[in-house]
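*Asks:* Sequential numbering of the sequence shown, starting at 1, is according to the working numbering.
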Amino acid sequence: MADVQQPVASATLDKRACPECGGDLEWNAAKQALVCPFCGTVAPWKPDAATPGAIVELDLAQALAKADDGGRGYGDSRREVQCQSCKAISVFEADKVAARCAFCGSPAIVPYTALKDAITPQSLLPFRVSESQVREAIRRWYGTRWFAPNKLKRAALTDTLRGLYLPYWTFDAHVHASWTAESGTYYYTTETYTQNGQTRTRQVQHVRWEPASGELDHFFDDDLVPGSEGAQRDLLEKIQPFPTTTDLQPYAPEFVRGWTVERYQVDLRLAADLNMTQMEFEVRRLCERAVPGDTHRNLQVQSTYHGRTFKHVLMPVWLVSYTYGTRAFQLLANGYTGTIAGQRPYSWIKITLAVTAALFAFFVYVWLNGQN
Ligand SMILES: [Zn+2]
Ligand SMILES: [Zn+2]
Numbered sequence: 001m002a003d004v005q006q007p008v009a010s011a012t013l014d015k016r017a018c019p020e021c022g023g024d025l026e027w028n029a030a031k032q033a034l035v036c037p038f039c040g041t042v043a044p045w046k047p048d049a050a051t052p053g054a055i056v057e058l059d060l061a062q063a064l065a066k067a068d069d070g071g072r073g074y075g076d077s078r079r080e081v082q083c084q085s086c087k088a089i090s091v092f093e094a095d096k097v098a099a100r101c102a103f104c105g106s107p108a109i110v111p112y113t114a115l116k117d118a119i120t121p122q123s124l125l126p127f128r129v130s131e132s133q134v135r136e137a138i139r140r141w142y143g144t145r146w147f148a149p150n151k152l153k154r155a156a157l158t159d160t161l162r163g164l165y166l167p168y169w170t171f172d173a174h175v176h177a178s179w180t181a182e183s184g185t186y187y188y189t190t191e192t193y194t195q196n197g198q199t200r201t202r203q204v205q206h207v208r209w210e211p212a213s214g215e216l217d218h219f220f221d222d223d224l225v226p227g228s229e230g231a232q233r234d235l236l237e238k239i240q241p242f243p244t245t246t247d248l249q250p251y252a253p254e255f256v257r258g259w260t261v262e263r264y265q266v267d268l269r270l271a272a273d274l275n276m277t278q279m280e281f282e283v284r285r286l287c288e289r290a291v292p293g294d295t296h297r298n299l300q301v302q303s304t305y306h307g308r309t310f311k312h313v314l315m316p317v318w319l320v321s322y323t324y325g326t327r328a329f330q331l332l333a334n335g336y337t338g339t340i341a342g343q344r345p346y347s348w349i350k351i352t353l354a355v356t357a358a359l360f361a362f363f364v365y366v367w368l369n370g371q372n
């Protein structure tokens, strides 16, 4: 049995209690407000009202050196369980652990004990698409899928729908890059040649190479690296973007109370490496564009990064999981924008019936024509 993870950072996270009964408020997507689950009192919520501008970017080097990573835990007493099938780690309120994995539906979930609590999220995007809205959207989505098995529809519209906060890392950095390259400029000469005994001319392209060099500065703002293990990567890419520049809110436990949170499994160090690879790719692209002329070769880039900061943020996702045959399928909906992406099986029964019906119609047609 796993011990209850004691949140280290709970003292620094302010709790908002119900003004009527003192109960813990929960975020309600339909009402876009904090609602008391005990007495139904709605506590009006204004973006950033409690802690304006409180989303903190944390220094990456310090965090990797274990000096300061902004605190640990989710600010409430929580239990973590890991699915033995898909390996996703879900974080629940201590008394509300689900019996099945939200990502794949497997009942094989076991307590997960980490060496250390997860880094506390700095911010999140609160759910904006409510459960009834997402069911309606999935119903419409399902209606446009040809030959999808009815099981998909049932799964989408019944209780396998879960609202989840998925872990992401975002990174900021300033980069200064200096580059050298050979810049190529096209020029053309006219050549004469003989074809079928006739003298003709043609334009031939050449390149004049000249050394070139330059410097550039760029600021990377909120580069995203997903930390999810449970959600299918290709589906996640399809339901992005999550608007991170304007609508992120400072993390508070009441936003995630009543929702399931996934613990990141891409840890900060790995995420920082992935972010560096993304940035290097992008810096090279920027330098390529800076080389004058029509083409270039031998591009060498020297870049220095400074002021690298990060945040652990949570993104809202509605997820449907179901098995069809022996395979597990997922359908994801962006909990903020409503964008849907799903894997879907094909129902061979429906396809066989459709093909049989088409063949039958064809034979009837042939037979009727033969009668005339
Ligand atoms: Zn109350
Ligand atoms: Zn699972």
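Ideal Cβ positions, reconstructed from N, Cα and C, are used throughout, including at glycine.
1. Checking the sheet assignment: what are the DSSP bridge partners for E182?
2. Looking at C101 and ligand 2, is the gap between the Cβ and the nearest heavy atom below 6 Å?
3. Helix, strand or coil for D267? Go by DSSP, reduced to three states.
4. Can you look up R229 in the DSSP assignment and give me helix, strand or coil?
5. So within the region 51-124, which uninterrupted beta strand (DSSP E) runs reach at least 3 residues, ignoring any that extend past its ends?
6. Quick check on the burial criterion: 16 or more other C-beta atoms within 10 angstroms. Buried or exposed for R140?
7. My understanding is that R257 touches D95, with C-beta atoms under 8 Å, so please give their C-beta distance in whole angstroms.
8. In chain order, what residues of the same chain have a beta carbon less than 8 Å from the beta carbon of E57, not counting five sequence neighbours either side?
9. For my contact list, V129 and G338 are in at a C-beta cut-off of 8 Å; report their separation, rounded to the angstrom.
10. Just to check, is the beta-carbon of A88 closer than 6 Å to a non-hydrogen atom of ligand 2?
11. By how many angstroms is the C-alpha of A61 removed from the C-alpha of V301?
12. By Cβ distance below 8 Å, which residues in the same chain neighbour R100 in space, the five residues on each side in sequence not counted?
13. If you draw a straight line from the alpha carbon of V97 to that of R79, how long is it in whole angstroms?
14. Closest to F220 by C-alpha separation, out of H174, D247 and I239, would be which residue?
15. Go through its chain and collect everything with a Cβ distance to G293's Cβ below 6 Å, but skip five positions before and after it.
16. Check whether the Cβ atoms of M315 and L164 lie closer than 7 Å to each other.
17. For S85, which residues from the same chain have a beta carbon less than 8 Å from its beta carbon, with the 5 sequence-adjacent residues on both sides left out?
18. Say yes only if the C-beta of F38 is nearer than 6 Å to one or more non-hydrogen atoms of ligand 1, and no if none qualify.
19. Tell me, to the nearest whole angstrom, how far the beta carbon of Y318 is from that of V134; I am working on the premise that it is less than 8 Å.
20. Measure the beta-carbon distance from T245 to D273 and round it to whole angstroms, keeping in mind my assumption that it falls under 8 Å.
21. Measure how close the beta-carbons of R162 and A118 come, nearest whole angstrom, since I'm counting them as under 8 Å.
22. Pull up the CB-CB distance for T356 and Y251, whole angstroms please, since I reckon it's below 8 Å.
23. So who's on the other strand from W169, going by DSSP bridges?
24. Verify whether the separation of the beta carbon atoms of S178 and E215 is less than 7 Å.
25. Could you give the first and the last residue of the continuous alpha helix (DSSP H) run that contains F255?
26. Are the beta-carbon atoms belonging to Q203 and Y188 less than 7 Å from one another?
27. Between the region 234-248 and the region 263-283, do at least 3 Cβ pairs fall closer than 8 Å?
28. Verify the contact flag: E57, CB atom, against every heavy atom of ligand 1, threshold strictly below 6 Å.
29. Compute every distance between the C-beta of E254 and the non-hydrogen atoms of ligand 1, then say whether any falls below 6 Å.
30. Leaving aside the five residues before and after L286 along the sequence, list all residues of the same chain whose C-beta is less than 8 Å from its C-beta, in chain order.
31. Please state whether the Cβ-Cβ distance between S321 and T160 is less than 7 Å.
32. Counting only the same chain and skipping the five closest in sequence on each side, list residues whose C-beta sits under 6 Å from that of T41.
33. When you measure from the CB of L258 to every non-hydrogen atom of ligand 1, does any distance come out below 6 Å?
*Replies:* Taking the geometry as given:
1. Its beta-bridge partners are P211 and R297.
2. A distance criterion of 6 Å places the beta-carbon of C101 in contact range of ligand 2, judged by its closest non-hydrogen atom.
3. In the structure shown, D267 sits in coil (DSSP, three-state: anything other than H, G, I, E or B).
4. Here residue 229 is Glu; the residue named in the question, Arg, does not match the sequence. Three-state result, E229: coil.
5. Unbroken beta strand (DSSP E) stretches of 3 residues or longer found wholly inside the region 51-124: 78-83, 89-93 and 109-111, given in chain order.
6. R140 is exposed by the Cβ-count criterion.
7. Actually they are not in contact, since the Cβ atoms of R257 and D95 sit about 12 Å apart, beyond 8 Å.
8. Q122, D172, T309, F310 and K311.
9. About 5 Å separates the two Cβ atoms, so the contact holds.
10. At least one heavy atom of ligand 2 is nearer than 6 Å to the Cβ of A88, so yes.
11. One C-alpha to the other measures close to 23 Å.
12. These residues qualify, in order along the chain: S106, P107 and I109.
13. Distance from the CA of V97 to the CA of R79, rounded to the nearest whole angstrom, comes to 7 Å.
14. The residue with the shortest Cα to Cα distance from F220 is H174.
15. Contacts found: S183, G184 and T185.
16. Cβ atoms of M315 and L164: not closer than 7 Å.
17. In the same chain as S85, and ignoring 5 residues on each side of it, the C-beta atoms closer than 8 Å to its own belong to C101, C104, S106, A108 and A328, in chain order.
18. Yes - ligand 1 has a heavy atom lying nearer than 6 Å to the Cβ of F38.
19. Note on residue identity: the sequence assigns Trp, not Tyr, to residue 318. With a contact defined as Cβ atoms closer than 8 Å, W318 and V134 qualify at about 5 Å.
20. Incorrect: roughly 24 Å between the Cβ atoms, too far for contact.
21. R162 to A118, Cβ: 19 Å. No contact.
22. The C-beta separation of T356 from Y251 comes to about 56 Å, leaving the pair out of contact by the 8 Å criterion.
23. According to DSSP, W169 shares a beta bridge with V225 and H312.
24. Closer than 7 Å, so yes.
25. In the DSSP assignment, F255 falls within the unbroken alpha helix (DSSP H) covering P253 to V256.
26. A contact, by the Cβ cut-off of 7 Å.
27. No, the region 234-248 does not touch the region 263-283.
28. No, ligand 1 has no heavy atom inside 6 Å of this Cβ.
29. Between ligand 1 and the CB of E254, the shortest heavy atom gap is not smaller than 6 Å.
30. Correct list, in chain order: A177, L216 and H218.
31. Yes; because the gap between Cβ atoms is below 7 Å, this pair is in contact.
32. Apart from the 5 residues on each side of it in sequence, T41 sits with its Cβ closer than 6 Å to the Cβ of C18 and E20 in its chain, given in chain order.
33. Per the sequence presented here, residue 258 reads as Gly, with Leu not at that position. Relative to the non-hydrogen atoms of ligand 1, the Cβ of G258 never comes closer than 6 Å to any of them.
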